[in-house]
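Student:
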Amino acid sequence: MNLPVHPGAPVAATLLAAGLGRRLGGVPKPALLIDGESLFERLVRALRRSGIEAISVVIGPYADTLLALARRCEVQVIRHGGPADELAASQRLAVHEHLRQQLGTDLMLLVADLPLLAADDIRPLLRAWAQRPAHTQAQVPVVGGVRGHPVLLSWQAVQAVAGQPWPHAVRAWMLAHTGSTQWLQADRDAYVTDLDTPDDLQALRSRLAGASIAWPKQA
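Right, dumping it as structure tokens:
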């Protein structure tokens, strides 16, 4: 059966970068340098090369470091003044700011510690999103049974997520609306490879053998 396809809409992206990086010793993970370029800059470049121009970032701790990166990349900054390391709080802040700034635009949400993510990984997500059935309001890549990032939300879903009472955010809305969520089966490790622990960092060094991977001096 051919389902009706949802009409296309512009997509804006928000990076979630308000974590403390506790398990890595308390560092701004998006500042990690890979061959001299920060992870943050790599992600912004990947988004822009995939066709997304409107990009913002939620930051909390390590403001001096992350503000400098955001300014260098000409990315809009959303300040998170609450407790750090609460992903739901960052998500809620992101969707509320999206409602205010990006009228009628769909939202791509992604954590800012995805070291393998490139434009070639984002484009298939955008294609699947543009071709989704009309009833689909959210999309999540799934690799080997593991849910990943980036997540996509329609304008309608953004409004619905924003309208939930605290502390509910994206995950709670998806669990309550599984029929409106497209779980996109994929085989790209970039969607599920993040940097939470020293083991993750060591695995990245092994995977990118030959690349220079280091924290900036101020981190």
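Going by our numbering, the sequence shown opens with residue 5, and the numbers climb by one from there.
All residues carry an ideal CB built from backbone N, CA and C; glycine is no exception.
Please report the straight-line C-alpha distance between W177 and L156, rounded to a whole angstrom.
Tutor: Approximately 13 Å, taken between the alpha carbons.
Student: What does a CB cutoff of less than 7 Å around A92 pick up in its chain, not counting 5 residues either side in sequence?
Tutor: The residues are P171, A173.
Student: Measuring straight from C-alpha to C-alpha, what distance separates L28 and Q163?
Tutor: Answer to the nearest angstrom: the Cα atoms are 35 Å apart.
Student: Quick one: which unbroken alpha helix (DSSP H) runs of 4-plus residues sit fully inside the segment 47-109? Chain order, please.
Tutor: Correct list: 67-77, 91-105.
Student: Take I59 and list the residues in its own chain whose beta-carbon comes closer than 8 Å to its own, dropping the five residues that flank it on each side.
Tutor: Only A16, A17, T18, L19, V48, L51, R52, C77, V79, Q80 meet the Cβ criterion.
Student: Which term fits T140, buried or exposed, when burial requires 16 or more other beta carbons within 10 angstroms of its beta carbon?
Tutor: Label assigned to T140: buried.
Student: Give the DSSP bridge partners of W187, in chain order.
Tutor: Answer is V144.
Student: Please say whether L199 and L36 have beta carbons closer to each other than 9 Å?
Tutor: In contact: L36 and L199 (Cβ atoms closer than 9 Å).
Student: Is the CB-CB distance between I63 and I126 below 9 Å?
Tutor: No.
Student: Whole-angstrom Cβ separation of L120 and A72, contact assumed at under 8 Å?
Tutor: Not really, about 24 Å apart at Cβ, beyond 8 Å.
Student: Would you kindly work out how many angstroms separate the C-alpha atoms of P34 and H181, rounded to a whole number?
Tutor: Distance between the alpha carbons of P34 and H181: 31 Å.
Student: How big is the Cα-Cα spacing for Q160 and A215?
Tutor: Approximately 42 Å between the Cα atoms of the pair.
Student: In terms of DSSP beta bridges, what is V155 paired with?
Tutor: In DSSP, V155 forms a bridge with L113.
Student: By Cβ distance, which residues of its chain are closer than 6 Å to Y66, with the 5 residues on each side in sequence left out?
Tutor: P32, listed in sequence order.
Student: Is the CB-CB distance between V115 and G148 below 9 Å?
Tutor: Cβ distance not < 9 Å, so V115 and G148 don't count as in contact.
Student: Could you say which of V99, V150, R46, A98 lies nearest to A122 if we only look at CA atoms?
Tutor: Comparing Cα positions, the closest option is R46.
Student: Do you know offhand how far R26's Cα is from R75's?
Tutor: Straight-line Cα distance between these residues: approximately 25 Å.
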